[in-house]
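Participant:
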DNA sequence: GAGCTTATCACCAATCATTGTTGTTTGACA
DNA sequence: TGTCAAACAACAATGATTGGTGATAAGCTC
Ligand SMILES: [Mn+2]
Ligand SMILES: [Mn+2]
Ligand SMILES: [Zn+2]
Ligand SMILES: [Zn+2]
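Chains as they are written, first to last, in the working numbering: chain A, 1 to 168; chain B, 169 to 336.
(1) With H, G and I counted as helix, E and B as strand and the rest as coil, what does DSSP make of residue 186 (chain B)?
(2) Whose Cβ in chain B lies nearer than 7 Å to the Cβ of residue 91 (chain A)?
(3) Have a look at residue 323 (chain B) and residue 132 (chain A) and give me their C-alpha separation to the nearest angstrom.
(4) Could you check whether the stretch 236-255 of chain B touches the stretch 100-115 of chain A, counting it as contact only if at least three pairs of C-beta atoms, one from each stretch, sit closer than 8 Å?
(5) How far does the beta strand (DSSP E) with residue 140 (chain A) in it reach, from first residue to last?
(6) Closer than 9 Å by beta-carbon distance: list the chain A residues that pair up with residue 296 (chain B), in chain order.
(7) Under 8 Å, with one C-beta from each stretch per pair, do the stretch 105-112 of chain A and the stretch 275-287 of chain B reach the 3-pair mark?
(8) Can you list the residues of chain A that residue 291 (chain B) reaches, using a CB-CB cut of under 7 Å?
(9) Listing by chain order, which chain B residues have their CB less than 7 Å from the CB of residue 85 (chain A)?
(10) Any C-beta of chain A sitting closer than 8 Å to the C-beta of residue 248 (chain B)?
(11) What do you reckon, are the CB atoms on residue 38 (chain A) and residue 51 (chain A) nearer than 8 Å?
(12) Looking at the secondary structure, which residues open and close the alpha helix (DSSP H) in which residue 220 (chain B) lies?
(13) Among residues of its own chain, excluding the 5 on either side of residue 305 (chain B), which ones have a beta-carbon nearer than 6 Å to its beta-carbon?
(14) Buried or exposed: where does residue 170 (chain B) fall if 16 or more other Cβ atoms within 10 Å of its Cβ makes it buried?
(15) Closest to residue 128 (chain A) by C-alpha separation, out of B:182, B:309 and B:294, would be which residue?
(16) If you run the structure through DSSP and keep just helix, strand and coil, what is residue 257 (chain B)?
(17) Rounding to the nearest angstrom, what Cα-Cα distance links residue 254 (chain B) and residue 73 (chain A) in this structure?
(18) Which residue marks the beginning of the alpha helix (DSSP H) containing residue 280 (chain B), and which one marks its end?
(19) Going by the CB atoms, is the gap between residue 139 (chain A) and residue 368 (chain B) shorter than 8 Å?
(20) From residue 181 (chain B) to residue 197 (chain B), what distance separates their C-alpha atoms?
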């Protein structure tokens, strides 16, 4: 039950393992650890955030390995690498469900918006020879934590809460 | 070269000069040069691109000064600093006309889309405590130059192209 | 216009996310 | 088990951007 809905649109670690082997890649403990960190993760973690989570399991894993594996997963189409203007790439294991994002200007938290916007295309007279592949909508604002009237908050730290703990 | 329509929605260098003075800032030859580079500039230049253009007039201007001035203009609301995922901030002197962007995945060229999309808002049940301020739509694709299989020798356009025409 | 104050300047070093290098280790397959 | 390229950890380097710092010059008084 935990993570059932969250992982609806993403491969399991076993499937990723198999996909890696099938494409001639080697499956290491480090990579499997990264798969587990990503599975059902709805926080759009940065490479550093994945690194921190992975290190609690595999203490010696290097940040380079994390970057390598994340971008390999992105090349394979198993995750998406997003640039949402927060200063670091964010990684999204949900690639099966086209969706958009709501980004907190203050702490960088990212929320999924599973909405389809109609009429989201480039007007023909504006195309001017471009071959358009896709559109991303990014909503910006302040999250509940960063919005509070009390300017008390320390650095809200886009931390990685364990997937599935927050019920919605 | 600089047309009426291009500068329709941006301040003149004289207006920027006045705005700087009025806010207690000093107006230097370097800053005025940057104002001129920006005026009517529809290329969404990076700081480096502004730097290169400015240096043809003021050879000794420093890149730091360019960054400083650009972000001061952005703070004053006279230009916009955009992160469009091209690896560098892009600066847009058009701040009066809300519009969206079409970005070339290959060369990073940015084209304005002066379209208003209806229904571009966060569904109430998805807001979840966020205070939403705005939405940006970024279309991605390939521009005419980057799309052609055969290289067209007739478009130097030395503005924002990736340097280093790799031959041999 | 001369002097004063302080913003701005050019130059240089540092930061931060990310990528390159290298020599060693390890997974996959025979 | 041996072979060997792939992957690893450690570390150096990159590229965009930002932080000092002493010198310069804008915008004031007088
Ligand atoms: Mn997402
Ligand atoms: Mn624009
Ligand atoms: Zn926030
Ligand atoms: Zn292009």
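Cβ atoms here follow ideal geometry from the backbone N, Cα and C, with glycine treated the same way.
Facilitator: In terms of the structure at hand:
(1) To locate residue 186 (chain B), count along the second chain from 1; it is residue 18. Three-state result, residue 186 (chain B): helix.
(2) In the first chain, residue 91 (chain A) corresponds to position 91, counting from 1. Neighbours of residue 91 (chain A) on chain B: none; closest Cβ ~14 Å, over 7 Å.
(3) Taking the second chain and counting its residues from 1, the one referred to as residue 323 (chain B) is at position 155. Taking the first chain and counting its residues from 1, the one referred to as residue 132 (chain A) is at position 132. Because the pLDDT at residue 323 (chain B) is just 41, under 50, the model does not fix this residue reliably, and the point stays unresolved.
(4) no
(5) Within the first chain, the letter at position 140 stands for residue 140 (chain A). That run of the beta strand (DSSP E) goes 131-142.
(6) In the second chain, counting from the first residue as 1, residue 296 (chain B) sits at position 128. By Cβ distance, chain A contributes 102, 111, 143, 144 and 168.
(7) Result no; under three Cβ-Cβ pairs closer than 8 Å.
(8) Here residue 291 (chain B) refers to the residue found at position 123 of the second chain. Chain A residues near residue 291 (chain B): 115.
(9) The residue you call residue 85 (chain A) lines up with position 85 of the first chain. By Cβ distance, chain B contributes 251.
(10) Residue mapping note: residue 248 (chain B) aligns to position 80 of the second chain, counting from 1. Answer no: the Cβ-Cβ gap between residue 248 (chain B) and chain A never drops below 8 Å.
(11) Here residue 38 (chain A) refers to the residue found at position 38 when the first chain is read from its first residue. Here residue 51 (chain A) refers to the residue found at position 51 when the first chain is read from its first residue. Taking 8 Å as the cut-off, the Cβ atoms of residue 38 (chain A) and residue 51 (chain A) do not count as close.
(12) Translated into the one-based positions of the second chain, residue 220 (chain B) becomes position 52. Residue 220 (chain B) -> alpha helix (DSSP H) spans 215-223.
(13) If you number the second chain from 1, residue 305 (chain B) lands on position 137. The residues are 268.
(14) Taking the first residue of the second chain as 1, we reach residue 170 (chain B) at position 2. Because the pLDDT at residue 170 (chain B) is just 42, under 50, the model does not fix this residue reliably, and the point stays unresolved.
(15) Here the question's residue 128 (chain A) lines up with position 128 in the first chain. Closest option to residue 128 (chain A), Cα to Cα, is B:309.
(16) If you number the second chain from 1, residue 257 (chain B) lands on position 89. DSSP places residue 257 (chain B) in coil when its eight states are reduced to three.
(17) Against the second chain, residue 254 (chain B) aligns to sequence position 86. Against the first chain, residue 73 (chain A) aligns to sequence position 73. If you take the alpha carbons of residue 254 (chain B) and residue 73 (chain A), they lie about 21 Å apart.
(18) As a first step, residue 280 (chain B) must be located in the second chain, where it is residue number 112. Element bounds for residue 280 (chain B): not the alpha helix (DSSP H) but the beta strand (DSSP E), 278-281.
(19) In the structure as shown, chain B begins at 169 and stops at 336. Residue 368 (chain B) is therefore absent and cannot be evaluated.
(20) The residue you call residue 181 (chain B) lines up with position 13 of the second chain. The residue you call residue 197 (chain B) lines up with position 29 of the second chain. About 12 Å.
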